[in-house]
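Note sheet for the following structure.
Residue numbers (the working numbering), protein chains in the order written: chain A, 1421 to 1982; chain B, -7 to 284.
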């Protein structure tokens, strides 16, 4: 009797196994991502391309001189590209190649793209761990891979590209790197290889997208100027509370408070550029380990004690913050120019008695130029990597190079001329289709169909993009004054922690940061007296603060000597 | 019989307390329903209890949800997974539970231990992923159905339910010449209907709510189940991360409406089915638990 049951179970297992293999063959074809691109020989193609370029007339000559690669390339090489699926378009399109951008990209480069979509970071991490990769992946290896890109090269996941390889196959990208030493340095391994086709910014404008913002109509009502120093800021909050009856003049939930401190918005009057790490003449400094940081905490404690800050700021969530700022219970906060300031201005657009203005990071003396502020790195967002599964890296590089040519930059940044943008006085300006979509799509949704500038990708993002995205003059101004700092001198570059220090570094960082965050809140809420500040510094040191500093310093030294 | 004063007072407070608990459970859902028809801008400014829709009531959220074609394919896929999945779940769990409930099964103890072992230990995410890939299940709905076809805890409940049936019943059937299948399908299963209903509910809700496996195994969004679609829409309606602010020209107030409307839309089917299964629910769990 028992035997029979066992055999039935076995049979059932086998039938289901058959079943599995049955549907496997069907889905296998769709997941076989590494379809080898046709073996067009790399050298031959460049030659023919070059010859063709030479034969072409002057109108493309400027581009040709620079690139040496003419698009569309011949022979319609195939390329598989692993991307995160974005919800900004996924309700309307099934694949990147169905998007107007994907179609235009294939047309303009001559490549046949096979998009391999994964849903989220976790799925991408698994795909990377499985070693089953498309030719190219667009991803955040710098934050998602242990040991950043350099380690991924070592682990045989992505290809490290020599300068010669890039000069030959991606001349436009190479030209950008040559011209922007700091970006190049961040992408260089210790063996002198470039790790990625990076998402990079055109240099030369503000890279600040976070700001302090206050109700300037209230300031006017009080008859005061927009505050520049800590004392003026304090007086303004006091006025908001006592004269205008604002319940919580300064609305800063913990997360926003911390990033405001990290960005140096509130720390500079007290002689600390930022709560976080920064550099002065090649020396790393941790703001929160400085004795002067005590004064920052004392000032915040004063705001807290006098009810100028929300007593529940540690538990305040995003929705509450929005409600506070919109309803007039609060008059000052800090955060992103787009998603916060833009939301407030949009939502209260029909309210005449509502106005916001960005202010510069607070400084010690009126009229000082802020030394620090928010500043994005030149390389932010997802980079594109050629994987070790790629059969023809040269072809992949030539494809990725497109984003750094003039034509490619236009496509990735602005979309299609006459559809998503028009040239006005030699400047691209987004069209009505984008800013006032007839089908009710948001700006981001439309741009997601035509460009990658709303997100990130293998191209150089135009310096004019932000100003175009920010529709309110208040936002444009915030963006502008955010750039008027000396942050470039003091901000820590994108360093790589040495491999042998990596474990210790992550342990120290997490322990120390946890202790710092908890203690800081206790100081601000007065649960711990500031007399104990020296004890706090001693504890940080005992936990390995100076060792952490040393590791950071080594990383910075290594970076500077690359 | 006259009830004592203490009893009455207790009943009063007990009722009040239970009403309070019920309200606390219902309010979040009520909030979502009310929010889904509120004016989004007013809603963002709103800062207290939500009793009635604030601002001009609107059905825009629902309109947008119904215009989103992924919502429909999501529903279709979820029902596909639910239907096929339940078939596998119930069949395999019943067969497995029956085998483990047999007193005279060879190696019953070690078999049971092996089964229970899987409740506490698993291979981990990456091995599972590689396994699914090597089975050729990537980008297939089967990847969502087969790996979890038997849930160990449900199997144990099923086994206990079978064991609770007096042995004399199965013995009698055997004397009359019934084989294992006849015993299982004609004697045991009809007797544990309540437990079966609970199984349907447990597995069903698990399928309905699951999104994670879909997010890592599926490549085409035409195959996405509803919850994954819902999750993606919810995530995209969140405020963007603080570091790269580029994407956010404006947080579309509309996303707020979509979010709430979508939660309502995706919950409706479960709410419709639940009352019909609920009467089995308590009974079914109890049967499983008594002789566990």
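From the three backbone atoms N, C-alpha and C, an ideal C-beta is built for every residue, glycine too.
Pairwise C-alpha distance: residue 1775/A and residue 1665/A: For the purposes of this step, residue 1665/A is taken as the residue at position 245 of the first chain. For the purposes of this step, residue 1775/A is taken as the residue at position 355 of the first chain. Whole-angstrom Cα-Cα distance: 17 Å.
Any C-beta of chain A sitting closer than 9 Å to the C-beta of residue 232/B? Stepping through the second chain from its first residue, residue 232/B is reached at position 240. Note that residue 232/B scores a pLDDT of 47, beneath 50, so its modelled location is shaky; the value from the coordinates is reported in the next line. The beta carbon of residue 232/B sits closer than 9 Å to some beta carbon of chain A.
Which of helix, strand or coil does DSSP assign to residue 48/B? By 1-based counting over the second chain, the position of residue 48/B is 56. In the three-state scheme derived from DSSP, where H, G and I count as helix and E and B as strand, residue 48/B is classed as coil.
For residue 1791/A, which residues of its own chain have a beta-carbon under 7 Å away from its beta-carbon, when the five flanking residues on both sides are left out? Residue numbering aside, residue 1791/A sits at position 371 when the first chain is read from its first letter. Here the set comprises 1688, 1693, 1905, 1906 and 1910.
Spatial distance of residue 1421/A from residue 157/B (CA atoms): Start at 1 with the first residue of the first chain, and residue 1421/A comes out as number 1. Start at 1 with the first residue of the second chain, and residue 157/B comes out as number 165. The predicted model places residue 1421/A with a pLDDT of 41, which falls under 50 and marks its position as unreliable, so this point remains unresolved.
Check whether the Cβ atoms of residue 210/B and residue 81/B sit closer than 9 Å, and answer yes or no. The residue you call residue 210/B lines up with position 218 of the second chain. The residue you call residue 81/B lines up with position 89 of the second chain. Taking a C-beta distance under 9 Å as the contact criterion, residue 210/B and residue 81/B do not qualify as a contact pair.
So, are the CB atoms of residue 1728/A and residue 1669/A less than 9 Å apart? Reading the first chain from its first residue, position 308 is the one you call residue 1728/A. Reading the first chain from its first residue, position 249 is the one you call residue 1669/A. Residue 1669/A is positioned such that its CB atom lies closer than 9 Å to that of residue 1728/A.
Which ranges does the beta strand (DSSP E) cover as unbroken runs of at least 3 residues, wholly within the segment 1755 to 1791 of chain A, from first to last along the chain? When DSSP assignments are scanned along the segment 1755 to 1791 of chain A, the uninterrupted stretches of beta strand (DSSP E) that are 3 or more residues long and fall wholly within it turn out to be 1777 to 1779.
Who are residue 1837/A's beta bridge partners in DSSP? For the purposes of this step, residue 1837/A is taken as the residue at position 417 of the first chain. When beta bridges are read from the DSSP output, residue 1837/A appears opposite 1841/A.
Just reading off the beta strand (DSSP E) that residue 1537/A is part of, what are its end residues? Along the first chain, read from residue 1 onward, the residue named residue 1537/A stands at position 117. Residues 1532 to 1538.
What residue range is occupied by the uninterrupted alpha helix (DSSP H) comprising residue 1499/A? Within the first chain, numbered from 1, the residue matching residue 1499/A stands at position 79. According to the DSSP assignment, residue 1499/A belongs to no alpha helix (DSSP H) but to the beta strand (DSSP E) extending over 1498 to 1504.
Beta-carbon proximity of residue 1496/A to residue 1531/A, cut-off 9 Å: To locate residue 1496/A, count along the first chain from 1; it is residue 76. To locate residue 1531/A, count along the first chain from 1; it is residue 111. Between residue 1496/A and residue 1531/A, the C-beta spacing is below 9 Å.
Closer than 8 Å is the cut-off here; do at least three beta carbon pairs connect the segment 1622 to 1642 of chain A with the segment 1805 to 1819 of chain A? Result no; under three Cβ-Cβ pairs closer than 8 Å.
Buried or exposed, going by whether 16 or more other CB atoms sit within 10 Å of the CB of residue 1838/A? Locating residue 1838/A in the first chain gives position 418, counting from the first residue. Around the beta carbon of residue 1838/A, fewer than 16 other beta carbons lie within 10 angstroms, which makes this residue exposed.
Between the C-alpha atoms of residue 1678/A and residue 1929/A, what's the straight-line distance to the nearest angstrom? The residue labelled residue 1678/A in the question sits at position 258 within the first chain. The residue labelled residue 1929/A in the question sits at position 509 within the first chain. Roughly 16 Å between the two C-alpha positions.
Any beta carbon from chain B within less than 9 Å of residue 1536/A's own beta carbon? As a position in the first chain, residue 1536/A is number 116, starting the count at 1. Interface with chain B (9 Å Cβ-Cβ cutoff): residue 1536/A is included.
Of the choices 154/B, 60/B and 2/B, whose alpha-carbon is the least far from that of residue 92/B? Sequence index remark: in the second chain, residue 92/B carries index 100 (1-based). Comparing Cα-Cα distances from residue 92/B to each of 154/B, 60/B and 2/B, the minimum goes to 154/B.
Does any CB atom of chain B fall closer than 9 Å to the CB of residue 1542/A? One-based indexing of the first chain puts residue 1542/A at position 122. With 9 Å as the cut-off, residue 1542/A counts as an interface residue toward chain B.
Proximal residues to residue 103/B (C-beta, below 6 Å), its chain only, five neighbours per side dropped: The residue you call residue 103/B lines up with position 111 of the second chain. Closer than 6 Å at the Cβ level, and outside the excluded window around residue 103/B, lies no residue.
What do you reckon, are the CB atoms on residue 1916/A and residue 1972/A nearer than 9 Å? Position 496 of the first chain holds residue 1916/A. Position 552 of the first chain holds residue 1972/A. Against a cut-off of 9 Å, the Cβ pair of residue 1972/A and residue 1916/A comes out as no contact.
So that I know if they touch, is there some Cβ in chain A lying closer than 9 Å to that of residue 74/B? Here residue 74/B is taken as the residue at index 82 of the second chain, counted from 1. Output row for residue 74/B: interface = no.
Please classify residue 265/B: does DSSP put it in a helix, a strand, or coil? By 1-based counting over the second chain, the position of residue 265/B is 273. Helix at residue 265/B.
I want to verify the contact list: residues of chain A whose CB lies under 7 Å from the CB of residue 38/B, in sequence order. One-based indexing of the second chain puts residue 38/B at position 46. What residue 38/B touches in chain A, judged by beta-carbon distance under 7 Å, is 1743, going in chain order.
In the DSSP assignment, the alpha helix (DSSP H) including residue 1888/A goes from what residue to what residue? Residue mapping note: residue 1888/A aligns to position 468 of the first chain, counting from 1. Membership of residue 1888/A in the alpha helix (DSSP H) is indicated by the continuous run 1885 to 1889.
Identity of the residues DSSP links to residue 1848/A by a beta bridge: As a first step, residue 1848/A is located in the first chain; it is residue number 428 there, counting from the start. Per DSSP, 1843/A.
Indicate whether at least one CB of chain A lies closer than 9 Å to the CB of residue 163/B. Position 171 of the second chain, counted from the first residue, corresponds to residue 163/B. Residue 163/B has a beta carbon lying at 9 Å or more from every beta carbon in chain A.
Between residue 110/B and chain A, is any beta-carbon pair separated by less than 9 Å? Here the question's residue 110/B lines up with position 118 in the second chain. Not one chain A Cβ lies under 9 Å of residue 110/B.
Residue 1549/A: contacting residues in chain B (beta-carbon distance under 7 Å): Locating residue 1549/A in the first chain gives position 129, where the first residue counts as 1. Under a criterion of Cβ atoms nearer than 7 Å, the residues of chain B adjacent to residue 1549/A are, in order, 118.
Quick one: complete alpha helix (DSSP H) runs, 4+ long, within the segment 1558 to 1612 of chain A? Those alpha helix (DSSP H) runs which fall completely within the segment 1558 to 1612 of chain A and span 4+ residues are 1561 to 1564, 1568 to 1574, 1583 to 1589, 1591 to 1599 and 1601 to 1607.
Excluding the five sequence neighbours on either side, which residues of its own chain have a C-beta within less than 7 Å of the C-beta of residue 78/B, listed in chain order? Numbered from 1 along the second chain, position 86 holds the residue referred to as residue 78/B. Cβ within range, chain order: 192, 195 and 196.
Just to confirm, are residue 1734/A and residue 1647/A a CB contact at a threshold of 9 Å? Here residue 1734/A corresponds to residue number 314 of the first chain, with the count starting at 1. Here residue 1647/A corresponds to residue number 227 of the first chain, with the count starting at 1. No, Cβ-Cβ distance for residue 1734/A and residue 1647/A is not below 9 Å.
How close, in whole Å, do the beta carbons of residue 1752/A and residue 1657/A come, if the pair is a contact with beta carbons under 8 Å? In the first chain, residue 1752/A corresponds to position 332, counting from 1. In the first chain, residue 1657/A corresponds to position 237, counting from 1. About 7 Å separates the two Cβ atoms, so the contact holds.
Does any CB atom of chain A fall closer than 9 Å to the CB of residue 63/B? Taking the first residue of the second chain as 1, we reach residue 63/B at position 71. Yes, because at least one Cβ of chain A sits closer than 9 Å to the Cβ of residue 63/B.
Cβ-based burial, residue 1851/A [other Cβ within 10 Å; buried from 16]: Here residue 1851/A refers to the residue found at position 431 of the first chain. Result: buried.
Beta-carbon of residue 15/B versus every beta-carbon of chain A: anything under 9 Å? Reading the second chain from its first residue, position 23 is the one you call residue 15/B. Chain A places no beta carbon closer than 9 Å to that of residue 15/B, leaving this residue out of the contacts.
Spell out whether any CB of chain B is found under 9 Å from the CB atom of residue 1370/A. Lying outside 1421 to 1982, the shown extent of chain A, residue 1370/A is not represented and no answer is given.
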